[in-house]
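Under the working numbering, the first residue of the sequence shown carries the number 1, and numbering increases by one thereafter.
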Amino acid sequence: MKSLRILLFLTLTIALGCREDQRPVTDLIAQLPPGTSAFVKINNPQQLQSELKSNKLIQLGLGNGIPQKVEELLRGLSFIEIQGEQLLAITNTGRDSLAYLYMARQAPDSIDLSSAKNKSIETITSGSHTFKKYEVEDLLFFTTQDRGTFKMSNSIALLKHNVETEGPGVSQTLRTLYETANPGKNANIFLNLDPEISLFQNTSYKAQGADLAYFSDWIALDAEITSHGLRLNGVGIMPDSTNTLVPLFRNAGTLAARTPDIAPENSLAMVSYVFRNKKILDNNLGVLQDSIAADQTVFETVEELGIVYMEGSKAVMLHTYGSEDLNELLGTMGGTAENSMGSEIFALQENDILTEAFSPLLVNFKPGFYTVLENTFVFAKNRGTIQEIIASHTRKATYRNSPAYQTVRASLADESNILLIASEQGLKILSEDGFRIPSPMLSLNTGKEGYIFAMQVIAENNFFHTTLLAQQEQGEGVVDNTWKKTKYSLQSKALTSPQFVTNHRSGKKEVVIQDEAFRLYLIDPNKGILWTKQLDGPIQGEIHQVDLYKNGRLQLAFTTDHQFIILDRNGKEVAPFTFSYPGGNLNPLAVFDYNRIRDYRFVVTQGEAVKMYNSKGKIVKGFTYTKAESPVLKAPKHFRISGKDYLVFLLENGQLKILNRVGKTRVPVKRKIDFSDNEVFVYKNNFAVTEKNGHLVLIDGNGKISQRNLNLPADHGWAAQENILTYTNENLIHIGGKEIPLDYGVYTKPRIFRFGKQNFIALADLQSRQVFLMDDQGNYIPGFPVYGNTVPDMADWDNNDAPDLVTVEEDLVVTIYSQGG
């Protein structure tokens, strides 16, 4: 109820049916009731009415955010037509209760109740004053004429008190703001931020156990209304009080904020405190705290304190013009360093140096790690947050380039002392963190997604400028490289890479993954973890989905080290499966569906043993290759080329067995191959493998062998699909004939994914914990690399014709990067 949206709703109600009058403005401010929480001065009723009707944000608020009780209180104003300037005052009369007093120099010609079915009018006399009581349907309001002013209220007590007693007078602060308000604006809004009578509850900034108000007691704001946003721009008198925030920046000077240049583009909120002269800020802080914190000299080159909120994490940034002293201090508190994408991450012992130096601007923050980017010290509680910021900065995917920042940039000044930008979700996170957002800003929030909120404050000697903004977020034409992150935490560290599977009920994708405790998880990206299943050991390779009963219901099939298991959608074992194999050491499961009619063949290999099962869990008697000449290295593969089926086995002794459906040799391979630790692929209709010496070996359908020396190390990774060939070689990845340099790291094998006519190549650097995504021409996909430390999987999980990617962050967190809404 206590919301600027209420003021806007009141303004809209009054403006309906009003006619503009060119007579001189009459000062009504002296008749304000004591304890006024806010009032609106309406300068141009007709234009204001038009703007309010066209503004989407206000309509959202009127439709969903205004309590019905308040709307009923004010509906009576729609029955009148008033000429000239009007003033609407609002008072907070008790718990969850508001009263309004509407004043105009000239009374309406009439109060038109002709459309009302149930109505009554009663005259009330109190002393020398006469009041009219209106009951219209379920509404109640009162009017009177007093000192040449028409007055209307929903409270007879408020109205009587106003006409029978002299007001307390107008403070010099309010008088100055009122007289300097811009009459060219359609409306001027005056807010009383005294917490005792304010409409707003959260008008303060939390300062270590005490409330530090942002502003003085009154602030004047001009309303600029467009179809897609609201901009409240105004001034306040700089208070002499030391218990308000803005005076901390008196004479400290302004600069352009640099936090947007370092914060990741997917940040949900950022707060920046900027000061040209740190010594003046320290003196102002010293007055507030009765002392200046020790060791301030190490921070004397700091020009900005930035606080950045991402989903599930928070970072603090100190922007400096010289870092030597601070580097030296942190060096005495740090531990070992590690390299991430060319930047060093340092561990820190638990400390309070930042909060001691910058309280009350920063509270309750103990950094565990830090790095330095462009003379900016970046602090966070965990390593993963630092790595994410480094990754974003490396690929220039910073907040300055985000749709959120671009949405509000043009409405803000280049330099300031305080800058806050947040999404609707970001405002919630700020509040949950104990950050006291100025309530005039909070009140702009309709609770609807798609709007960006901003506050900017510029402190002068005796006054300050304030801008409060709510703007519909820009879409196309700004930035198209932001991938939304959805995260779910595991109970233990991830053991396998996450993998997309299909929910046969919704047609959308879900994620399966196993942790180090051998728990298997099924995760719905919208609902979270659906179930976990305790297994006897680690899953080997890929999990397959099958439709055993040919009814559209899918099951999960896989092997662990000792078992072959099939689970239904609820994680229950499907009989007769769950076969155990003494001695273990099973290879990943192979699943063949020759004609794509769901007559499955499940192939389990253990050493030299080869067992093929049908969909009923029976051994396929017609398959004759039941014992290999040497232990099978990997899961066999099925390929169909030119209408023929090929089953391919890689054996430890170097044999490449290419068989037909019944296990007989279809293509003889006459030479042995020193297989690398990679799969067999089909490349340009040839069976393709690589050797440890870096040679690519190709075998055609007649068994003819050719090879190319790719000059690869023994531990290389490669993949092929149709006519695409990609492989890694130290810090290079080759895609087709193109060579793309990478930072030195430890890279996973590349994977190729196809969506429609577009191909993607994905891999991860396990050392820097980055996931890379490129097209088949070697061009980076916008927004990548992203943070992640497992081989990624890709799918269109929400059926929106846009690819999504899943990986693991910080060993415990499954992260889905989704695109396109």
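Idealized CB from N, CA, C, for every residue including glycine.
Taking contact to mean 3 or more Cβ pairs, one atom from each stretch, closer than 8 angstroms, check whether the segment 267-281 and the segment 421-431 are in contact. yes
Following the continuous alpha helix (DSSP H) through P403, name the residue where it begins and the one where it ends. The residue you call residue 403 lines up with position 403 of the sequence shown. Unbroken alpha helix (DSSP H) run through P403: 403-409.
Quick check: I673 and L656, are their CB atoms within less than 8 angstroms of each other? What you label residue 673 is simply residue 673 of the sequence shown in a count that begins at 1. What you label residue 656 is simply residue 656 of the sequence shown in a count that begins at 1. Taking 8 angstroms as the Cβ cut-off, I673 and L656 qualify as a contacting pair.
Taking the alpha helix (DSSP H) that S431 belongs to, which residues open and close that run? Locating residue 431 in the sequence shown gives position 431, where the first residue counts as 1. Where S431 is concerned, the enclosing alpha helix (DSSP H) stretches over 424-432.
Can you say whether F755 is buried or exposed, counting buried as having 16 or more other CB atoms within 10 angstroms of its CB? For the purposes of this step, residue 755 is identified with residue 755 of the sequence shown, where counting begins at 1. F755 comes out exposed.
Please report the distance separating the alpha-carbon of P830 from that of A802. Because the chain is modelled from 1 through 821, residue 830 falls outside the range shown and cannot be assessed.
How many Å lie between W218 and L763 at the Cα? Here residue 218 is taken as the residue at index 218 of the sequence shown, counted from 1. Here residue 763 is taken as the residue at index 763 of the sequence shown, counted from 1. Their backbone Cα atoms lie some 57 angstroms apart in a straight line.
Residue from V682, D194, L742 whose Cα sits closest to the Cα of E722: Working through the sequence shown from its first residue, we reach residue 722 at position 722. For the residues V682, D194, L742, the minimum Cα distance to E722 belongs to V682.
For Y399, the nearest candidate out of D325, T496, R250, I262 (CA to CA): The residue given as residue 399 occupies position 399 in the sequence shown. Measuring from the Cα of Y399, the nearest candidate turns out to be I262.
Taking only beta-carbon positions, decide if D352 is within less than 8 angstroms of chain C. In the structure shown, chain C does not exist; there is a single protein chain.
CA-CA distance, R276 and L318? Residue numbering aside, residue 276 sits at position 276 when the sequence shown is read from its first letter. Residue numbering aside, residue 318 sits at position 318 when the sequence shown is read from its first letter. C-alpha separation (whole angstroms): 13 angstroms.
Among the residues of its own chain, which have a CB less than 7 angstroms from the CB of M333, if the five just before and after it don't count? Indexing the sequence shown from 1 puts residue 333 at position 333. Within the same chain, M333 has close Cβ partners L348, Q349, N351.
At what residues does the beta strand (DSSP E) containing S120 begin and finish? Numbered from 1 along the sequence shown, position 120 holds the residue referred to as residue 120. From DSSP, the beta strand (DSSP E) with S120 extends over 119-126.
Quick one: is E179 buried, meaning 16 or more other Cβ sit within 10 Å of its Cβ, or exposed? Position 179 of the sequence shown holds residue 179. With fewer than 16 other Cβ atoms within 10 Å, it is exposed.
Delimiting residues of the alpha helix (DSSP H) encompassing H393: Stepping through the sequence shown from its first residue, residue 393 is reached at position 393. Unbroken alpha helix (DSSP H) run through H393: 383-394.
Please name the residue in K493, L430, R598, L412 whose C-alpha comes closest to that of H465. Within the sequence shown, the letter at position 465 stands for residue 465. The candidate whose alpha carbon is nearest that of H465 is L412.
Determine the contact status of T728 and Y747, defining contact as a CB-CB distance below 8 angstroms. Translated into the one-based positions of the sequence shown, residue 728 becomes position 728. Translated into the one-based positions of the sequence shown, residue 747 becomes position 747. Cβ atoms of T728 and Y747: closer than 8 angstroms.
State the DSSP-derived secondary structure class of N284, mapped to helix, strand or coil. Start at 1 with the first residue of the sequence shown, and residue 284 comes out as number 284. Correct three-state label for N284: helix.
Contact belief for G788 with V808 at Cβ below 8 angstroms, rounded distance in angstroms: Position 788 of the sequence shown, counted from the start, is the residue given in the question as residue 788. Position 808 of the sequence shown, counted from the start, is the residue given in the question as residue 808. At roughly 6 angstroms, the Cβ-Cβ gap stays under 8 angstroms, so G788 and V808 are in contact.
Do the CB positions of T176 and I237 come within less than 8 angstroms of each other? The residue labelled residue 176 in the question sits at position 176 within the sequence shown. The residue labelled residue 237 in the question sits at position 237 within the sequence shown. Going by C-beta atoms, T176 is nearer than 8 angstroms to I237.
Separation of N188 from F753, as counted between CA atoms: Position 753 of the sequence shown, counted from the first residue, corresponds to residue 753. Position 188 of the sequence shown, counted from the first residue, corresponds to residue 188. One C-alpha to the other measures close to 57 angstroms.
When you compare the CB positions of I421 and I452, do they come within less than 8 angstroms of one another, or not? Sequence index remark: in the sequence shown, residue 421 carries index 421 (1-based). Sequence index remark: in the sequence shown, residue 452 carries index 452 (1-based). A contact, by the Cβ cut-off of 8 angstroms.
Check whether P498 and V806 have beta carbons under 8 angstroms apart: Counted from its first residue, the sequence shown places residue 498 at position 498. Counted from its first residue, the sequence shown places residue 806 at position 806. In this structure, V806 lies closer than 8 angstroms to P498 by Cβ.
If you reduce the DSSP assignment to three classes, tell me which class T180 lands in. Locating residue 180 in the sequence shown gives position 180, where the first residue counts as 1. Three-state DSSP puts T180 in a helix.
Classify I121 as buried or exposed, calling it buried when 16 or more other Cβ atoms lie within 10 Å of its own Cβ. Residue mapping note: residue 121 aligns to position 121 of the sequence shown, counting from 1. Looking at its Cβ environment, which holds fewer than 16 other Cβ atoms inside 10 Å, I121 is exposed.
Measure the beta-carbon distance from A567 to K533 and round it to whole angstroms, keeping in mind my assumption that it falls under 8 angstroms. One-based indexing of the sequence shown puts residue 567 at position 567. One-based indexing of the sequence shown puts residue 533 at position 533. In the sequence as displayed, the identity of residue 567 is Leu instead of Ala. At roughly 7 angstroms, the Cβ-Cβ gap stays under 8 angstroms, so L567 and K533 are in contact.
Could you please give me the residues that DSSP links to Y134 through a beta bridge? On the sequence shown, position 134 is the one that residue 134 refers to. Per DSSP, I121, F141.
Identify the continuous alpha helix (DSSP H) that holds T355 and give its terminal residues. Taking the first residue of the sequence shown as 1, we reach residue 355 at position 355. Run containing T355: 353-358, per the alpha helix (DSSP H) assignment.
Scan the segment 658-705 and note each continuous beta strand (DSSP E) run of 3 residues or more that stays entirely inside, going in chain order. 665-667, 681-683, 686-690, 695-699
If you reduce the DSSP assignment to three classes, tell me which class A315 lands in. Within the sequence shown, residue 315 is the residue found at index 315, counting from 1. In the three-state reduction of the DSSP assignment, A315 falls in the strand class, which pools E and B.
Limits of the alpha helix (DSSP H) - the one that V163 falls within: As a working note, residue 163 is residue 163 in the sequence shown. Its alpha helix (DSSP H) spans residues 156-164.
For H544 and L589, the rounded distance between their alpha carbons: By one-based count along the sequence shown, residue 589 stands at place 589. By one-based count along the sequence shown, residue 544 stands at place 544. So the two alpha carbons sit approximately 8 angstroms from each other.
Any idea which residues DSSP pairs G306 with across the strands? Here residue 306 refers to the residue found at position 306 when the sequence shown is read from its first residue. The partner list for G306 (beta bridge, DSSP) reads S272, M317.
To the nearest angstrom, how far is the alpha carbon of A220 from that of L191? Sequence index remark: in the sequence shown, residue 220 carries index 220 (1-based). Sequence index remark: in the sequence shown, residue 191 carries index 191 (1-based). Approximately 7 angstroms between the Cα atoms of the pair.
For the beta strand (DSSP E) containing E338, list its first residue and its last residue. Here residue 338 refers to the residue found at position 338 of the sequence shown. For E338, the enclosing beta strand (DSSP E) starts and ends at 334-340.
Quick check: D700 and N711, are their CB atoms within less than 8 angstroms of each other? Here residue 700 refers to the residue found at position 700 when the sequence shown is read from its first residue. Here residue 711 refers to the residue found at position 711 when the sequence shown is read from its first residue. In this structure, N711 does not lie closer than 8 angstroms to D700 by Cβ.
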